[in-house]
Structure formats: structure tokens, C-alpha cells
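Worksheet: one structure, shown below.
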Amino acid sequence: MKNTMNTTQQQFASDNYAGACPEALQALLEANDSGHEPAYGDDRWTERSSNMLRELFEIDCDVYYVFNGTAANSLALAAMCQSYHSVICTPVAHIETDECGGPEFFSNGSKLLVAEGLSAAAQRGKLTPEAIETLVTKRSDIHYPRPKVASITQATELGTVYSVDEVRALSWMAKKHKLKLHMDGARFANAVAHLGCKPAEITWKAGVDVLCFGGTKNGLPVGEAVVFFDRELSQDFAWRVKQAGQLASKMRFISAPWVGLLDNNTWLRNAGHANAMAQRLYKGMLQIQGVQVLHAPEANGVFAHLPKALVDALHAKGWKFYQFIAGSGCRFMCAWDTTQASVDALLADMHSLNV
Ligand SMILES: *Cc1c(COP(=O)(O)O)cnc(C)c1O
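Heads up, my numbering is the position in the sequence shown plus 1, with the first residue counted as 1.
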């Protein structure tokens, strides 16, 4: 079958396929039109977006901007660990599976300890307090890399969302064993949109020490914020960012789009829309014979087993989506700009190509 899609077709492979939202671009243009500005983060836009994040989180946190999520996670974890420490995470954690050893590299060797006995399907990508305790109490001798951080992903890599109580239970266990709690929030906005809670409630009030707040998947051209609620952990972080090649010279072009995103709750609307499109896709997919959706989406992705013939036919028709490693299903991601028409077009092809 020929690829009949034109290049403007929306896709479901990654929420990173989407462009930047108008609000972010508008702020970017304003930053460009406002004349000369100090470089390296000493500009008005960076001050403003950082203050907006402090307001959003209702706390005087330390904020740093980097180019992508891998750098945000790697540098945040490096700031929380010595080289002989370790970081507890799930087997499907982005830091474990998709960062090319970045956290280990930037921390000069801190080891990731993958939680054992967590069935990806049963836990749906979530870490548990028991898994933390098992890894911490397993060994205490000098030959074992000392656990220092528990890292959770919100929303998870499997499209689920930790409740406030779940995060509280994890942080309680982490604190019990003197661990810090790191949150990979590449899709933090989608999680907050799902929970309908205040950002403070699901982060520092629930015991999160450092949040990597994803802006890119939410509608920025580029840029993630590293938010330190435990401000002692951000000591020298600026130097870490610079050494890693993550300090934007013209920082205002990272921070101004954040202003656009945070202003008027655009970030939350973008995420809510992406989540709603995932719900629409999910409901449609339930009607398709032979398609087995793994669980109801809580964020902006749908995970499902599809017959191989259908997967091949959809790919041949030009649809792009990942065959997800964890759970061996397919992953369909919706973005801030995913239209109902795109969802319906994909569903129509799923129906018609399903023989
Ligand atoms: C996308 C993503 C990141 C960031 O990835 P980059 O490509 O480095 O920006 C981090 N964590 C999770 C869970 C992600 O999905």
C-alpha cells in the first residue's frame, strides 16, 4: 500500500511531534522585539517566568531552565547525588530507558537501581513504597551503591498518574530511609490537568524535593524548568548547567515562551486538551474488534495491543505511532494541538483497515 498521507498530517508517535503553541510564540516574538537584554539568564523574561513559577507553586523555589528533559533529569539527579549514591526508579523510567546513561554520566557514576518485582502491567508504570524499601534494606554494606534518591515520573511512561496520596506514601517511605524524592515531570501538566489539584499539592506539599517541569511536550518550542523545592539541593546548580552546555546564552528565548505558557493557565488548557483527545481516542478504540486497550488513559496517551496486521496496515497508510517496549503494546500520544478530526481519521482507518 502506498503512503497516502501528506506531510501536514497530525501524528500520534510523540507529543513532541507538535509545534509550539501560539501563546508561547507570541511571547517569543515579544522578547525579540523588546530590544537588547542581558544574557545568560539575567534578563527580565527569565525573572518574570521564574516568579510566575514561584507563584504557581506557592513557594519560594529555585528555578533553572535547560534545553531538554534528559538534561533536566540528569543534572537534577547529579545535584542530588554523590558518585557513590544510587537512584531508585521503575524499569520503564525514562531515566533508565531513554537517556543514554545521562544521569549516570552527569553524576559521575551514580547508579540507577531498577525496582524489582514490579510488573509493568500491574503497576502501570508506577513505583511503590514497598519497592523503595526492598531496595534500600536489601543491603547496607560498603559494596552497594548507597540509595539516595527515589525518582518517579508524573504522568508515568504508561500514561497513568500518581494521586496525591500515592506521592505522599512514596515520599513518606523515601524520607523514612533518608532519600530525596525527584519527579520527572515531562508531562507534569497532563498529570495536574487530570488530578485537578494545585501544583503545590502534588509536589512539595506531598514531599517532592525537585521537579523537572516539562514545557516542550506542553507547547514550547524548547525548554524545561528544573524546580528545586529543597533549595539546599540547588547549590552550585548554575555551574552544573553551564558545564553541561545547557546554559542558553540568549536565555530569554527559553524563558519568554514559559511566560506565554504560564500566563492565563495556557499550560493547563493545553494539557487538558491533549488529555481529552486521548479520552476520545480511547473511547473510539474500545469499539474496534481485536484491539485491547491496556488501561483507561489518565494523561495524554493511549496504550493498546493491536492485531499485527492492523499495525502494519496503519503504518503502511502513513500513520506514525510507537510499538511500546513495556507491555509490548502500541502507544498513541496526543498533543496540545491534536484535533478531533485527526483522532477521528485515525479511528476511521483503524475500523476500515481491521480485517
Ligand atoms: C519526553 C520525556 C522526557 C524528556 O525527553 P527529552 O527528549 O530529553 O526532552 C523525560 N521524561 C519522560 C518521561 C519523557 O516522556
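For glycine and all other residues, C-beta sits at the position ideal for the given N, C-alpha and C.
These numbers come from a predicted model, not from an experiment.
To the nearest angstrom, report how far apart residue i and residue j are at their CA atoms.
i, j, result
"VAL344", "GLN12", "9 Å"
"ARG281", "ASN219", "19 Å"
"ARG270", "PRO146", "42 Å"
"ALA175", "ARG241", "25 Å"
"LYS3", "LEU354", "Because LYS3 sits at a pLDDT of 49, beneath the cut-off of 50, its placement in the model cannot be relied upon, and the following sentence gives the value as read from the coordinates. Taking the straight line from one Cα to the other gives about 14 Å."
"GLY215", "ALA317", "32 Å"
"ALA116", "ALA73", "22 Å"
"SER152", "LYS181", "8 Å"
"ASP197", "PHE189", "Note on residue identity: the sequence assigns Gly, not Asp, to residue 197. Going by the C-alpha atoms only, they are around 12 Å apart."
Quick check: is any heavy atom of ligand 2 less than 7 Å from the C-beta of residue i?
i, result
"GLU117", "Among the ligands modelled here, namely ligand 1, ligand 2 does not occur."
Taking the DSSP output, what are the residues bridged to residue i?
i, result
"THR304", "In the sequence on display, residue 304 carries Phe and not Thr. PHE304 is bridged to ARG332."
"PHE214", "GLY186 and ALA226"
"LEU113", "VAL88"
"VAL137", "Looking at the DSSP assignment, VAL137 forms no beta bridge with any residue, so it has no partner."
"GLN293", "HIS306"
Residue range of the beta strand (DSSP E) that residue i falls in?
i, result
"SER87", "86-90"
I'd like the span of the alpha helix (DSSP H) that includes residue i, first residue to last.
i, result
"ARG45", "45-58"
"LEU311", "309-317"
"PRO23", "23-34"
"ASP345", "341-354"
"PRO104", "103-107"
"LYS251", "Looking at the DSSP string, LYS251 is not in any alpha helix (DSSP H), and its letter there is neither H nor E."
"THR98", "95-98"
"ALA239", "238-244"
Using the three-state DSSP reduction, which class does residue i fall into: helix, strand or coil?
i, result
"ALA151", "strand"
"VAL67", "strand"
"TYR323", "strand"
"GLN288", "coil"
"GLN10", "coil"
"VAL1", "Here the chain comprises residues numbered 2 to 356, so residue 1 is not present and cannot be evaluated."
"LYS181", "strand"
"ASP264", "helix"
"TYR18", "helix"
Which residue wins for smallest C-alpha separation from residue i, given the options the options?
i, options, result
"GLY290", "HIS296, GLN244 and LEU307", "Checking the sequence, you will find Gln at residue 290 rather than Gly. Comparing Cα positions, the closest option is LEU307."
"GLN244", "ARG140, THR204, LYS309 and LEU76", "LEU76"
"GLU284", "GLY42, ALA305, LEU54 and PRO39", "The amino acid at residue 284 is misidentified as Glu; the sequence shows Lys. For the residues GLY42, ALA305, LEU54 and PRO39, the minimum Cα distance to LYS284 belongs to ALA305."
"CYS22", "ALA249, PRO258, SER172 and SER141", "PRO258"
"GLN288", "GLY208, MET351 and PRO298", "MET351"
"ALA80", "SER235, GLN293, ASP99 and GLU105", "SER235"
"PRO200", "HIS183, PHE322, PHE58 and SER164", "PHE58"
"GLN83", "ILE96, GLU100, PHE106 and PRO92", "PHE106"
"THR91", "THR71, LYS177, VAL227 and ALA132", "ALA132"
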